[in-house]
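Data first, discussion second: the structure below is written as structure tokens.
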Amino acid sequence: MTESIHRRMVLHFPGFERMDAQAHHRRFERAIHQTSKIWDFVADIGSARQEGPASSFTVLSEGANWQTLNSIYIFDHNVLVEKFAGRPVIRRIMSGYHSAVRIVLQGGLAGYFRHAWRFGLFFLFPFLLMGIALATGLTLATLPWWLSLHPWHYLWSLPLAWASFQFVFRPFSERFHTLHLFSDWELAVAAGSLDDPFLARWLEDCADTALKALDEEADEYVISSHSMGSTLATHVLGMVLEKNPQALAGRRIVFVTLGGAILQCALLKPATRLRQRVGAIARAPEVSWLEVQCLTDAIHFYKSRVVAVSGYPDAPQAELLFIRVKHLLSPEHYRKIRRDLLRVHRQYVLPADLRSPFDFTFQTTGPFPANQVSDFSKRDVGGLAARPLAVSHGE
Numbered sequence: 002m003t004e005s006i007h008r009r010m011v012l013h014f015p016g017f018e019r020m021d022a023q024a025h026h027r028r029f030e031r032a033i034h035q036t037s038k039i040w041d042f043v044a045d046i047g048s049a050r051q052e053g054p055a056s057s058f059t060v061l062s063e064g065a066n067w068q069t070l071n072s073i074y075i076f077d078h079n080v081l082v083e084k085f086a087g088r089p090v091i092r093r094i095m096s097g098y099h100s101a102v103r104i105v106l107q108g109g110l111a112g113y114f115r116h117a118w119r120f121g122l123f124f125l126f127p128f129l130l131m132g133i134a135l136a137t138g139l140t141l142a143t144l145p146w147w148l149s150l151h152p153w154h155y156l157w158s159l160p161l162a163w164a165s166f167q168f169v170f171r172p173f174s175e176r177f178h179t180l181h182l183f184s185d186w187e188l189a190v191a192a193g194s195l196d197d198p199f200l201a202r203w204l205e206d207c208a209d210t211a212l213k214a215l216d217e218e219a220d221e222y223v224i225s226s227h228s229m230g231s232t233l234a235t236h237v238l239g240m241v242l243e244k245n246p247q248a249l250a251g252r253r254i255v256f257v258t259l260g261g262a263i264l265q266c267a268l269l270k271p272a273t274r275l276r277q278r279v280g281a282i283a284r285a286p287e288v289s290w291l292e293v294q295c296l297t298d299a300i301h302f303y304k305s306r307v308v309a310v311s312g313y314p315d316a317p318q319a320e321l322l323f324i325r326v327k328h329l330l331s332p333e334h335y336r337k338i339r340r341d342l343l344r345v346h347r348q349y350v351l352p353a354d355l356r357s358p359f360d361f362t363f364q365t366t367g368p369f370p371a372n373q374v375s376d377f378s379k380r381d382v383g384g385l386a387a388r389p390l391a392v393s394h395g396e
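Numbering-wise, the sequence shown is residues 2 to 396 according to the working numbering.
Encoded structure:
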């Protein structure tokens, strides 16, 4: 019989989204409500409280013959998102292009096309789209010059150029999250080079909070991450090992990277510390690394071996779990989202519509060990070895 998880500690690093701690708690609340119905168990989610840079809450899950108390820490990086996204548009555009140039010069673009050509196109897309918009605006602004008109005509051409950008391109570009992606690439450069003091302080605070969380008793410790959050999680877990090499001793650690974009930063030449931390995590005997990938998700490095590509081909490699988004959702739901690249990319951490081969919420709140890679829908809940447990959120 499979022994069920009695207590679980989850440290989750979300992707690059403009969501604060309360928003992430509400998302998890909706997810556990839907997931518990699908998998036929009862779940009680506690209120969120702030723990340094993270918010924490408990989820008590209970099935017919199992009960699991999950302590969830959400290390949202909304403060970083706001730092880059909460600036005037002109500055965001200039900073975004500056980051793009740095990525090209640091070998990122070449690496993207070498290891995941779709990710290379994903990198180019927002900058090409913005470039077309700026070129169009410049053409409109300089129409009097092109048409050999009197300089007085700039009185209408300049406002026309501004209006076309503000009221035509901006609304159109928001459909593709263009400026949001500019900010994402700024953070990618900062996370690779570690030359931003604000980011460095945030990572230090996260590492200190993670050390405290890892000191609590649990059957397993899940450090999960999505998209850009995977790079941040790698830094934090690596810093935990640097601060206290025995921090993981005697613990079952499951490092889950979902749609991971560690190579988004690790392929940059200055990302030496990040690559070293990838190697340290891979070689930690207590860590089981599970990389969840999806063919229809263009915003990650499908089938890439992040540990080997980071320079450690002889270290234990992350186990790859391949999923299909269309197997997680109803046919109607999948048809609705399949052309939205960012929405498909988010599905890793969103609830499924049915009992499916993979379910992140069930993985982090259910009774099975998180490092199991077998099809979720074929698991035998009745075959669990139950252990009596009586707990509450206030325990």
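Every residue gets a Cβ at the ideal spot worked out from N, C-alpha and C, and that includes glycine.
Residue i in three-state terms, based on DSSP
i: V382; result: helix
i: D376; result: coil
i: F369; result: coil
i: A391; result: Bear in mind that a pLDDT of 46 at A391, under 50, signals an unreliable position, so the number given afterwards is only what the model happens to contain. Coil.
i: H78; result: coil
i: Q35; result: helix
i: R325; result: coil
i: H301; result: coil
i: W67; result: coil
i: F17; result: coil
i: L204; result: helix
i: A267; result: helix
i: D185; result: helix
i: A22; result: helix
i: F42; result: coil
i: T235; result: helix
i: E4; result: strand
i: A55; result: strand
i: L125; result: helix
i: R27; result: helix
i: Q294; result: strand
i: F170; result: helix
i: N359; result: Here residue 359 is Phe; the residue named in the question, Asn, does not match the sequence. Coil.
i: E83; result: helix
Top-ranked residue by Cα proximity to residue i, from the options
i: F288; options: S311, L275, L268 and T258; result: Per the sequence shown, residue 288 should be read as Val rather than Phe. Answer by Cα proximity: T258.
i: H236; options: E205, M95, P127 and E221; result: E205
i: L329; options: D376, G367 and T366; result: D376
i: T366; options: D41, E18 and T69; result: T69
i: P127; options: A250, F183, L238 and K304; result: F183
i: F120; options: P358, F369 and H301; result: H301
i: S305; options: H25, I133 and G112; result: G112
i: S55; options: A211, E4, I46 and L343; result: Just to set this straight, residue 55 is Ala in the shown sequence, not Ser. Of the candidates A211, E4, I46 and L343, the one whose C-alpha sits nearest the C-alpha of A55 is A211.
i: Y1; options: M131, R31 and V310; result: There is no way to answer for residue 1, as the model of the chain reaches only from 2 to 396.
i: L161; options: H7, Q23 and P145; result: P145
i: I263; options: H334, A208 and S231; result: S231
i: A136; options: W163, R380, W118 and R115; result: W163
i: V241; options: Q265, D220 and D216; result: D216
i: G280; options: S57, R380, V382 and L238; result: L238
i: S311; options: R93, N245 and H116; result: H116
i: W290; options: S225, R344 and K327; result: S225
i: S158; options: L61, A101 and T143; result: T143
i: P286; options: Q247, Y303 and L269; result: Q247
i: Y349; options: P15, V102 and V11; result: P15
i: S100; options: V190, Q265 and W147; result: V190
i: H26; options: L269, S57 and D197; result: S57
i: L342; options: F177, S378, H227 and E333; result: F177
i: R252; options: E243, K244 and E218; result: E218
i: K213; options: W67, K244, M229 and A201; result: K244
i: S72; options: R103, F114, H13 and A201; result: H13
Distance CB(residue i)-CB(residue j) smaller than 9 Å
i: G109; j: F124; result: yes
i: V255; j: V307; result: no
i: A371; j: I39; result: no
i: I46; j: E63; result: no
i: F166; j: A134; result: yes
i: G53; j: D185; result: no
i: A316; j: A267; result: no
i: L233; j: F361; result: no
i: A309; j: E292; result: no
i: E175; j: R9; result: no
i: L180; j: V105; result: no
i: T36; j: F363; result: yes
i: F114; j: G138; result: no
Rounded Cβ spacing between residue i and residue j (contact assumed at less than 8 Å)
i: S1; j: E18; result: Because the chain is modelled from 2 through 396, residue 1 falls outside the range shown and cannot be assessed.
i: Q23; j: A49; result: 7 Å
i: A250; j: G193; result: No, A250 and G193 are not in contact; Cβ-Cβ is about 30 Å, not under 8 Å.
i: R356; j: F369; result: At roughly 13 Å, the Cβ-Cβ gap does not stay under 8 Å, so R356 and F369 are not in contact.
C-beta neighbour in chain D for residue i, strict 9 Å
i: F177; result: Judged by its chain identifiers, the structure shown contains no chain D, having just a single protein chain.
Would you check if the stretch 283-303 and the stretch 316-330 touch, i.e. whether three or more CB-CB distances between them fall below 8 Å?
yes
For the pair the stretch 153-162 and the stretch 336-345, tell me if three or more CB-CB distances fall below 8 Å.
no
Per the contact definition of three or more C-beta pairs closer than 8 Å, is the stretch 272-283 in contact with the stretch 77-84?
no
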